[in-house]
Amino acid sequence: MSIPTQEAHDPNDPRQHAMWALRNLPMVAGTGAITHPGYLADWSEHLWKCGFRHVDALRALADENGNIHVSQLPEQEIRFQQPFRGQRHHMNPAARWVGLDEKDPEPVRIPNIRQLTDQENQAMIKQYQDAGLIPDGSVGPPLGGEVIE
Numbered sequence: 001m002s003i004p005t006q007e008a009h010d011p012n013d014p015r016q017h018a019m020w021a022l023r024n025l026p027m028v029a030g031t032g033a034i035t036h037p038g039y040l041a042d043w044s045e046h047l048w049k050c051g052f053r054h055v056d057a058l059r060a061l062a063d064e065n066g067n068i069h070v071s072q073l074p075e076q077e078i079r080f081q082q083p084f085r086g087q088r089h090h091m092n093p094a095a096r097w098v099g100l101d102e103k104d105p106e107p108v109r110i111p112n113i114r115q116l117t118d119q120e121n122q123a124m125i126k127q128y129q130d131a132g133l134i135p136d137g138s139v140g141p142p143l144g145g146e147v148i149e
């Protein structure tokens, strides 16, 4: 797969419209990133679905007076969904891109152990023991012991 130039790309093809602009992106010390064309095509399509268009594509929409009605502008198809589990951090892989109408999943709620009954707390402790997270059957940190050097 080759990387089309700005002059030779198909501006109406989501996989080509920005591919030429993503090649050789600047990195540390001014060197350009060498990226497989398949990734560039995927990223170009992703930007297309986000609603991005190059200025040349927008100029093509203009009437003889240079005006573009907002109804002619592209629609955004996908949106970023924050992580549904774990930290709200940009490196959390639970984040994803979804369709605009897709509902966010219900957040995971960690129970407040002070609101649980003794039986419920014991059941949770048993689950931790069974999973090996409380390996010796004790709850809490180990008690002080003799240090041998």
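Residue numbers (UniProt numbering): 1 to 149.
Note that the Cβ used here is the ideal one computed from N, Cα and C, for glycine as well.
Note that this is a predicted model, so its numbers are computed, not measured.
Collapsed DSSP secondary structure at residue i in the structure displayed
{"i": "valine 70", "result": "helix"}
{"i": "residue 158", "result": "With the chain covering 1 to 149 only, the question about residue 158 has no answer from this structure."}
{"i": "arginine 85", "result": "coil"}
{"i": "arginine 23", "result": "coil"}
{"i": "isoleucine 78", "result": "strand"}
{"i": "isoleucine 113", "result": "helix"}
Best match in the options for proximity to residue i [C-alpha to C-alpha]
{"i": "alanine 94", "options": "Leu100, Asp101, Pro107", "result": "Pro107"}
{"i": "aspartate 13", "options": "Pro26, Val28, Ala57", "result": "Ala57"}
{"i": "cysteine 50", "options": "Arg96, Ala62, Ala60", "result": "Arg96"}
{"i": "proline 74", "options": "Pro135, Ala8, Phe80, Val55", "result": "Val55"}
Terminal residues of the alpha helix (DSSP H) in which residue i lies
{"i": "glycine 38", "result": "37–49"}
{"i": "valine 55", "result": "55–59"}
{"i": "alanine 8", "result": "Taken as a continuous stretch (DSSP letters only), alanine 8 belongs to no alpha helix (DSSP H), as it is neither H nor E."}
{"i": "alanine 123", "result": "118–130"}
Beta bridge counterpart(s) of residue i as assigned by DSSP
{"i": "proline 107", "result": "Its beta-bridge partners do not exist; DSSP assigns none."}
{"i": "glycine 32", "result": "Pro26"}
Element boundaries [beta strand (DSSP E), containing residue i]
{"i": "arginine 96", "result": "96–99"}
Anticipated Cβ contact below 8 Å, residue i with residue j, distance rounded
{"i": "arginine 40", "j": "methionine 27", "result": "According to the sequence provided, residue 40 is leucine. The question's arginine does not apply to it. Not confirmed; about 15 Å, so no contact."}
{"i": "glutamine 76", "j": "leucine 100", "result": "7 Å"}
{"i": "phenylalanine 84", "j": "proline 105", "result": "4 Å"}
{"i": "glycine 32", "j": "methionine 1", "result": "The pair is not a contact, with the Cβ atoms about 18 Å apart (cut-off 8 Å)."}
{"i": "serine 44", "j": "arginine 15", "result": "6 Å"}
{"i": "isoleucine 113", "j": "asparagine 121", "result": "6 Å"}
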